[in-house]
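Peer 1: Taken in sequence, the protein lines are chains A and B.
Residues 0 to 422, numbered by numbering that gives the first Met the number 0, are exactly what the first sequence covers, in order.
Residues 0 to 422, numbered by numbering that gives the first Met the number 0, are exactly what the second sequence covers, in order.
Supplied in C-alpha cells, the structure appears directly below.
Protein chains: 2
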Amino acid sequence: MNRKRLAPGELPPGVADLFFHAAEQKLALEATLRDRFTRWGYRPVIPPTFEYAETLASEAGVRLAEEMYRFFDRDGRALALRPDLTIPTARIVGVKLFDQPLPLRFYYIGNVFRYEEPRAGKRREFTQAGVELIGAAEASADAEVIALLVDALQAAGLTDFRITLGQIGFFRGLLAALSLSAEAAERLRIAVDRRSQAELEAILADLDGDDRAREAIAALPMLAGGPEVLDEAARVALSGEMEAAVVNLRQVWERLRQYDVTDHIVLDLAQVRGMAYYTGILFEAFAPGVGFPLASGGRYDGLIGHFGPDQPAVGFALTVDRLLTALDHQAAAETAPLIDVIFQDCGHMECLSLVRRARSLGARAALDVLGRSVDDLMAYAREQGISRVALCEGPGRVRLMMETGSRVIEAAAWEEEVRTWIG
Amino acid sequence: MNRKRLAPGELPPGVADLFFHAAEQKLALEATLRDRFTRWGYRPVIPPTFEYAETLASEAGVRLAEEMYRFFDRDGRALALRPDLTIPTARIVGVKLFDQPLPLRFYYIGNVFRYEEPRAGKRREFTQAGVELIGAAEASADAEVIALLVDALQAAGLTDFRITLGQIGFFRGLLAALSLSAEAAERLRIAVDRRSQAELEAILADLDGDDRAREAIAALPMLAGGPEVLDEAARVALSGEMEAAVVNLRQVWERLRQYDVTDHIVLDLAQVRGMAYYTGILFEAFAPGVGFPLASGGRYDGLIGHFGPDQPAVGFALTVDRLLTALDHQAAAETAPLIDVIFQDCGHMECLSLVRRARSLGARAALDVLGRSVDDLMAYAREQGISRVALCEGPGRVRLMMETGSRVIEAAAWEEEVRTWIG
C-alpha cells in the first residue's frame with residue numbers, strides 16, 4: 000500500500016486529545032450528568048470496552064455492525080470495540096440480572112467506537128451518557144426517560160433545545176395496512192424520513208391503496224407539532240395498531256405535561272429512523288449549532304430477549320461531545336452581542352452615511368462584505384446574536400429587521416433610532 | 000480452528016461487567032482520586048483509546064508492545080488500544096505543549112488494554128489513574144509524586160501499604176563499572192530482581208572484577224530498609240554515577256520526611272524492574288491482599304524527547320481495580336473478628352473438651368479441619384483477623400499464640416482465660 004509517512008505523534012482521523020480546560024469541561028459535564036441520573040434513581044453499569052463481535056453485532060442492526068472496529072483475540076475469536084452501550088447493558092440484564100426485582104434503572108457514561116467517514120461532529124471515538132429503564136412497558140416509563148433527558152440537558156446548562164417525539168407503531172401500522180413489498184416499504188420510509196412531498200407523491204401515484212390509505216400517507220409529513228397533531232393522526236389511522244400508537248403518544252404527552260417539559264417537545268409521527276430497533280416511542284434531541292442529534296432514544300421491547308427472558312425497555316443515549324459543542328455554541332451566543340446592527344451592502348452612498356452616523360453615535364455597525372442574500376444575512380445575524388439587520392429600502396432608507404418585527408426608518412429619524420440602542 | 004460455541008452473552012477472558020454497588024464503588028474511588036490530583040494542582044488529560052500502533056510502540060519497550068491489542072483502520076494503517084497512558088501523555092506534551100510554561104502537571108483516569116494470560120488480578124482491560132509532573136528534574140519533583148501517591152491512597156481509605164523506592168542509576172552505575180556483556184548484565188539484573196543469593200554467588204564466581212565490585216554486588220540485595228541503607232550504599236558505590244544516585248535518593252528521602260510520609264516508604268536499591276524506561280528514581284506500592292503492585296512509577300527523562308523537545312518527567316500509574324481489591328481486603332480484615340480462637344486439630348479428647356468449654360462460655364471457637372501446619376494456621380489466623388491460635392502441648396494443655404506473644408494454659412486455668420476474652 001502506498002501511504003504517506005506518519006508525522007511523529009500524528010493521530011488517526013476521528014479521535015482527539017483533550018487537555019487543560021477542554022478536558023475539565025468534559026469531566027465537569029460528565030459529573031453533572033452522573034449526578035442527575037443518580038438523583039432519578041439510576042445506578043451505574045460499566046461494561047467492557049470490547050467483547051465478542053458476534054455478541055455486539057447480534058442486535059446492532061446492519062449499519063452499526065458494519066461500523067464496528069473488529070480485531071482478534073489470541074485464540075482467534077473476533078472481538079469488537081463496543082459501538083454503543085445499550086447492547087452490552089441489555090446483555091448484562093438478560094444474562095446476569097434476569098431474576099432482579101423490576102424495574103431496573105441503569106445509566107452509563109462511556110466511550111463508543113464507530114468507523115465513520117469523518118465529517119463535522121462525527122468522531123470515531125465519542126462519549127455516550129445514557130439511561131435504560133427496564134421492566135416497565137407503561138407510558139409513564141416512556142415519559143420518565145424523556146423528562147430525565149430534559150432535566151439532564153437543563154442541568155448541563157442548555158436552555159434552547161427541542162426533542163422530537165414519534166411512535167414507530169403508527170408507521171408500522173400504516174405499512175401493515177398497505178401490504179407493501181419490502182422494497183416499496185423501504186422507499187416509503189425513506190420518503191417519509193426526508194419529508195419529501197415529491198417522493199411521496201410519486202409513491203402515491205404507483206399505489207393501489209384506497210383513499211383512506213392515500214390520505215394517511217399524504218398526511219404523515221404534516222403530523223408534526225403540538226398535541227393537536229394527535230387528533231389528526233387519530234382521524235387518519237387505518238388500524239388498531241395505528242390507533243394504539245396515537246393513544247400511547249397521548250398518554251406520554253399527558254405525562255410530560257405533568258412533568259412540565261412539553262415546551263421542549265415536538266410531536267412528529269413522521270419520525271421513522273431506527274425502525275429496525277424501536278418498538279414504541281422514539282425521540283431525538285436537537286440544539287442550535289449542532290447538525291446531528293444530541294441524543295436519541297426510544298422503546299426497544301425486543302432487545303433484552305435476545306440475551307435472556309424478554310423485558311420491555313426504554314432509554315436514550317446522549318452524545319457528550321455534541322452536548323459540549325451545543326453548550327459552546329450557546330455560550331458564544333449568550334455573550335453580549337458585539338455588533339448592534341449589520342447592514343446589507345447596497346452600495347448607496349446615502350445608506351453608507353447611515354452606517355457612518357451610527358458609528359459616530361457609538362453604535363457598533365458592520366457592513367455585510369460577503370454580499371449575502373437576505374435569508375443568509377438574517378441567519379448569520381441570528382447565529383451571531385446580532386439583534387438588527389438593516390435592509391436597503393432605497394437610498395438612505397432602511398428596513399430594520401429585529402426579533403420583534405421590522406420597521407422602516409427614514410434618514411431623518413435615524414439618529415433618534417440609534418440613540419435608543421445605545422442607552 | 001476448532002472452538003467451542005460461545006454461550007449467549009459470554010464475555011471474553013480478562014474483561015468484566017460492573018454494576019450496582021461494584022460500579023458505584025469504582026466511580027466513587029475515581030472521584031476521590033480525581034479530587035486529590037486536582038488539589039495538588041494536576042489537570043486532566045484525556046488521550047484517545049486507540050491510536051497508531053507505531054506511536055504507542057515507539058517507546059513502550061518490547062514487553063508492552065507485544066501485549067498490545069492491534070487492529071487495522073480502513074486505510075490499512077495499524078492501530079492499537081493504548082497499553083498505558085504515560086506514552087500518549089508524553090506524545091501530547093512533546094507534540095502539542097512544548098511551548099507551555101513549565102512544569103506541567105497532568106493526571107489521567109482511563110482504561111488500558113494488555114493481552115496477558117489471565118491470572119489472579121491480571122485483567123486485559125483495567126483502569127489506571129496516574130499523574131505526570133513534566134519539566135522538573137529536581138528531587139523535590141520526585142518527592143512530590145510519591146507524596147501525592149501516599150495522599151491518594153490514604154484519601155481512598157487505604158491504611159496499610161508500603162512503597163518501595165529505588166534509583167536505577169545505582170544499578171546502572173554498577174553495570175557500567177563492571178563492563179559486563181549485555182547478556183551477563185541481564186543475568187545480573189534478573190538475579191538482583193529476584194534477590195537470589197544463590198544466583199548472585201554464581202555470577203560472582205564467574206566474575207573477574209575487583210573486590211570492591213564483588214562487595215557492591217553482594218551488598219545489593221541487602222540495601223533495603225530505612226535511610227541507613229543509603230550510608231551503606233554510599234560506602235560500596237564504585238563510581239560518580241552510583242554516588243549521584245545515592246545523593247538523589249537521600250534528597251528525595253529528606254523531602255519525603257518533610258511530607259511526613261516516610262512511614263510508608265522502604266528504600267530498596269535492588270529495585271531494577273523497568274530499567275529500560277526509567278532514568279532516576281523508581282517505585283512500586285504494595286498492600287496486603289494484592290499480589291501485584293497497586294501502583295508503579297518513576298522518573299523517565301528520555302520519553303518526551305521521542306515526540307518533541309526533551310523534558311524531564313516523573314510520574315506514577317495506579318491500577319484502580321487493584322486498589323479496589325486492596326480496599327475490599329482491608330474492609331474484610333477490619334470487620335470484628337468472627338472467631339475468638341482457632342484450635343489445632345490434635346485429636347486429643349481433652350483438647351476437644353477445651354473447645355467445648357470455650358463454646359459453652361460464649362466464645363467463638365473453631366477447629367482447624369484442614370490439618371494445616373502451624374505456620375499455615377498462623378498465616379490463616381492473621382489473614383482472617385482471628386486473634387488466637389491454640390496449639391496442642393499435650394492432652395488438655397494448649398499454647399495460645401497471640402499477636403503479643405504466646406502462653407501455655409493448663410486445663411484448670413482454661414475457663415478463667417476464656418472469660419477474659421469475652422468480657
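Note that CB positions come from ideal geometry on N, CA and C, so glycine has one too.
So, under 8 Å CB-CB, isoleucine 45 of chain A and isoleucine 162 of chain A are touching, yes? Tell me the CB distance rounded to an integer number of Å.
Peer 2: Counting from one through the first sequence, the residue named residue 45 of chain A turns up at place 46. Counting from one through the first sequence, the residue named residue 162 of chain A turns up at place 163. That belief does not hold up - the Cβ atoms of isoleucine 45 of chain A and isoleucine 162 of chain A are roughly 27 Å apart, past 8 Å.
Peer 1: Quick check on this structure: which residue in B:Pro12, B:Glu50, B:Leu326, B:Ala389 has the alpha carbon closest to the alpha carbon of phenylalanine 160 of chain B?
Peer 2: Stepping through the second sequence from its first residue, residue 160 of chain B is reached at position 161. Nearest in C-alpha terms to phenylalanine 160 of chain B, of all of B:Pro12, B:Glu50, B:Leu326, B:Ala389, is B:Leu326.
Peer 1: Could you tell me whether the region 151–159 of chain A touches the region 283–290 of chain A, using the rule of 3 or more Cβ pairs below 8 Å?
Peer 2: yes
Peer 1: Nearest-angstrom Cα distance between leucine 390 of chain A and leucine 199 of chain A?
Peer 2: Against the first sequence, residue 390 of chain A aligns to sequence position 391. Against the first sequence, residue 199 of chain A aligns to sequence position 200. When only Cα atoms are considered, leucine 390 of chain A and leucine 199 of chain A end up about 38 Å apart.
Peer 1: According to DSSP, phenylalanine 70 of chain A sits in a beta bridge with which residue or residues?
Peer 2: Counted from its first residue, the first sequence places residue 70 of chain A at position 71. Looking at the DSSP output, phenylalanine 70 of chain A shares a beta bridge with A:Leu78.
Peer 1: Please give me, in chain order, every unbroken run of the beta strand (DSSP E) with length at least 3 that falls completely inside the region 272–358 of chain A.
Peer 2: Within the region 272–358 of chain A, the complete beta strand (DSSP E) runs of at least 3 residues are 280–285, 294–298, 312–318, 340–342.
Peer 1: In the DSSP assignment, what residue or residues form a beta bridge with proline 43 of chain A?
Peer 2: In the first sequence, residue 43 of chain A corresponds to position 44, counting from 1. Paired residue(s): A:Tyr106.
Peer 1: For a contact meaning CB atoms closer than 7 Å, what does tyrosine 114 of chain B contact in chain A?
Peer 2: Position 115 of the second sequence, counted from the start, is the residue given in the question as residue 114 of chain B. Under the 7 Å cutoff, chain A gives Arg73.
Peer 1: Which same chain residues, not among the five before or five after glycine 301 of chain A, have their C-beta less than 7 Å away from its C-beta?
Peer 2: Working through the first sequence from its first residue, we reach residue 301 of chain A at position 302. Closer than 7 Å at the Cβ level, and outside the excluded window around glycine 301 of chain A, lie Thr278.
Peer 1: Starting from the Cα of tryptophan 252 of chain B, find the closest Cα among B:Pro308, B:Pro100, B:Met400, B:Leu229 and give me that residue.
Peer 2: Here residue 252 of chain B corresponds to residue number 253 of the second sequence, with the count starting at 1. Per the Cα distances, B:Leu229.
Peer 1: For the candidate residues B:Arg363, B:Phe70, B:Val92, B:Asp367, whose alpha-carbon lies nearest to that of alanine 312 of chain B?
Peer 2: Position 313 of the second sequence, counted from the first residue, corresponds to residue 312 of chain B. Nearest option by C-alpha distance: B:Val92.
Peer 1: By the 8 Å beta-carbon criterion, what residues does the region 284–305 of chain B contribute toward chain A?
Peer 2: His305
Peer 1: Applying the criterion that 16 or more other CB atoms from any shown protein chain within 10 Å of the CB defines a buried residue, is arginine 256 of chain A buried or exposed?
Peer 2: Here residue 256 of chain A refers to the residue found at position 257 of the first sequence. So arginine 256 of chain A counts as exposed.
Peer 1: Thinking C-beta only, is alanine 362 of chain B closer than 8 Å to aspartate 339 of chain B?
Peer 2: In the second sequence, residue 339 of chain B corresponds to position 340, counting from 1. In the second sequence, residue 362 of chain B corresponds to position 363, counting from 1. Their beta carbons are under 8 Å apart, which means aspartate 339 of chain B touches alanine 362 of chain B by this criterion.
Peer 1: Looking only at its own chain, which residues have a Cβ that is under 7 Å from the Cβ of methionine 0 of chain B, when we skip the five neighbours before and after it?
Peer 2: One-based indexing of the second sequence puts residue 0 of chain B at position 1. Note on methionine 0 of chain B: pLDDT 44, under 50, position unreliable in the model; no value is reported.
Peer 1: So, under 8 Å CB-CB, valine 111 of chain A and arginine 188 of chain A are touching, yes? Tell me the CB distance rounded to an integer number of Å.
Peer 2: If you number the first sequence from 1, residue 111 of chain A lands on position 112. If you number the first sequence from 1, residue 188 of chain A lands on position 189. Your pair valine 111 of chain A and arginine 188 of chain A does not check out as a contact, with CB atoms roughly 25 Å apart and the cut at 8 Å.
Peer 1: Do the region 235–248 of chain B and the region 166–182 of chain B meet, that is, are 3 or more Cβ pairs less than 8 Å apart?
Peer 2: yes
Peer 1: Work out the CA separation of arginine 398 of chain B and alanine 269 of chain B for me, nearest whole Å.
Peer 2: Position 270 of the second sequence, counted from the first residue, corresponds to residue 269 of chain B. Position 399 of the second sequence, counted from the first residue, corresponds to residue 398 of chain B. Cα to Cα, the separation comes out at about 40 Å.
Peer 1: Specify, as a first and last residue, the run of the alpha helix (DSSP H) that tyrosine 379 of chain B falls within.
Peer 2: Counting from one through the second sequence, the residue named residue 379 of chain B turns up at place 380. 373–383 is the extent of the alpha helix (DSSP H) around tyrosine 379 of chain B.
Peer 1: Could you tell me whether the region 83–97 of chain A touches the region 4–24 of chain B, where touching means 3 or more Cβ pairs closer than 8 Å?
Peer 2: yes
Peer 1: Among A:Met274, A:Ala212, A:Gly288, A:Asp309, which residue has its Cα nearest to the Cα of phenylalanine 97 of chain A?
Peer 2: Your numbering for residue 97 of chain A matches position 98 in the first sequence. The residue with the shortest Cα to Cα distance from phenylalanine 97 of chain A is A:Asp309.
Peer 1: Bridge partners for arginine 396 of chain B per DSSP, in chain order?
Peer 2: Along the second sequence, read from residue 1 onward, the residue named residue 396 of chain B stands at position 397. Answer is B:Glu409, bridged to arginine 396 of chain B.
Peer 1: Exposed or buried, which one is glutamine 127 of chain B when buried takes at least 16 other CB atoms within 10 Å?
Peer 2: Position 128 of the second sequence holds residue 127 of chain B. With 16 or more Cβ atoms within 10 Å of its Cβ, glutamine 127 of chain B is classed as buried.
Peer 1: Quick check: what's the CA-CA separation for alanine 331 of chain A versus glycine 290 of chain A?
Peer 2: The sequence position of residue 331 of chain A within the first sequence is 332, counting from 1. The sequence position of residue 290 of chain A within the first sequence is 291, counting from 1. Answer to the nearest angstrom: the Cα atoms are 17 Å apart.
Peer 1: Roughly how many angstroms lie between the CA atoms of serine 57 of chain B and isoleucine 133 of chain A, to the nearest whole one?
Peer 2: To locate residue 57 of chain B, count along the second sequence from 1; it is residue 58. To locate residue 133 of chain A, count along the first sequence from 1; it is residue 134. If you take the alpha carbons of serine 57 of chain B and isoleucine 133 of chain A, they lie about 46 Å apart.
Peer 1: How long is the line joining the alpha carbons of alanine 380 of chain A and serine 386 of chain A, rounded to whole angstroms?
Peer 2: Sequence index remark: in the first sequence, residue 380 of chain A carries index 381 (1-based). Sequence index remark: in the first sequence, residue 386 of chain A carries index 387 (1-based). CA-to-CA, the gap between alanine 380 of chain A and serine 386 of chain A works out to about 7 Å.
Peer 1: According to DSSP, is glycine 134 of chain A part of a helix, a strand, or is it coil?
Peer 2: On the first sequence, residue 134 of chain A is found 135 positions in, with the first residue counted as 1. Glycine 134 of chain A: coil per DSSP, three-state reduction.
Peer 1: Chain A partners of leucine 26 of chain B, CB-CB under 7 Å?
Peer 2: Stepping through the second sequence from its first residue, residue 26 of chain B is reached at position 27. What leucine 26 of chain B touches in chain A: Pro43.
Peer 1: Nearest chain B C-beta to glutamate 65 of chain A closer than 8 Å, yes or no?
Peer 2: Taking the first residue of the first sequence as 1, we reach residue 65 of chain A at position 66. Not an interface residue.
Peer 1: Label methionine 400 of chain B either buried or exposed according to how many other C-beta atoms from any shown protein chain fall within 10 Å of its C-beta, with 16 as the threshold for buried.
Peer 2: Mapped onto the second sequence, residue 400 of chain B falls at position 401. Result: buried.
Peer 1: By the criterion of Cβ-Cβ separation under 9 Å, what are the contact partners of glycine 93 of chain B in chain A?
Peer 2: Counted from its first residue, the second sequence places residue 93 of chain B at position 94. Here the neighbours are Pro7, Gly8.
Peer 1: Is there at least one Cβ from chain B nearer than 8 Å to leucine 17 of chain A's Cβ?
Peer 2: Position 18 of the first sequence, counted from the first residue, corresponds to residue 17 of chain A. At a cut-off of 8 Å between C-beta atoms, leucine 17 of chain A counts as an interface residue with respect to chain B.
Peer 1: Taking just the CA atoms, how far does glutamate 227 of chain B sit from glutamine 250 of chain B?
Peer 2: Residue 250 of chain B sits at position 251 when you count from the first residue of the second sequence. Residue 227 of chain B sits at position 228 when you count from the first residue of the second sequence. Rounded to the nearest angstrom, the two C-alpha atoms are 14 Å apart.
Peer 1: Name the residue from A:Arg33, A:Leu173, A:Leu177, A:Leu317 whose alpha carbon lies nearest to the alpha carbon of aspartate 83 of chain A.
Peer 2: To locate residue 83 of chain A, count along the first sequence from 1; it is residue 84. Of the candidates A:Arg33, A:Leu173, A:Leu177, A:Leu317, the residue whose Cα lies closest to the Cα of aspartate 83 of chain A is A:Leu317.
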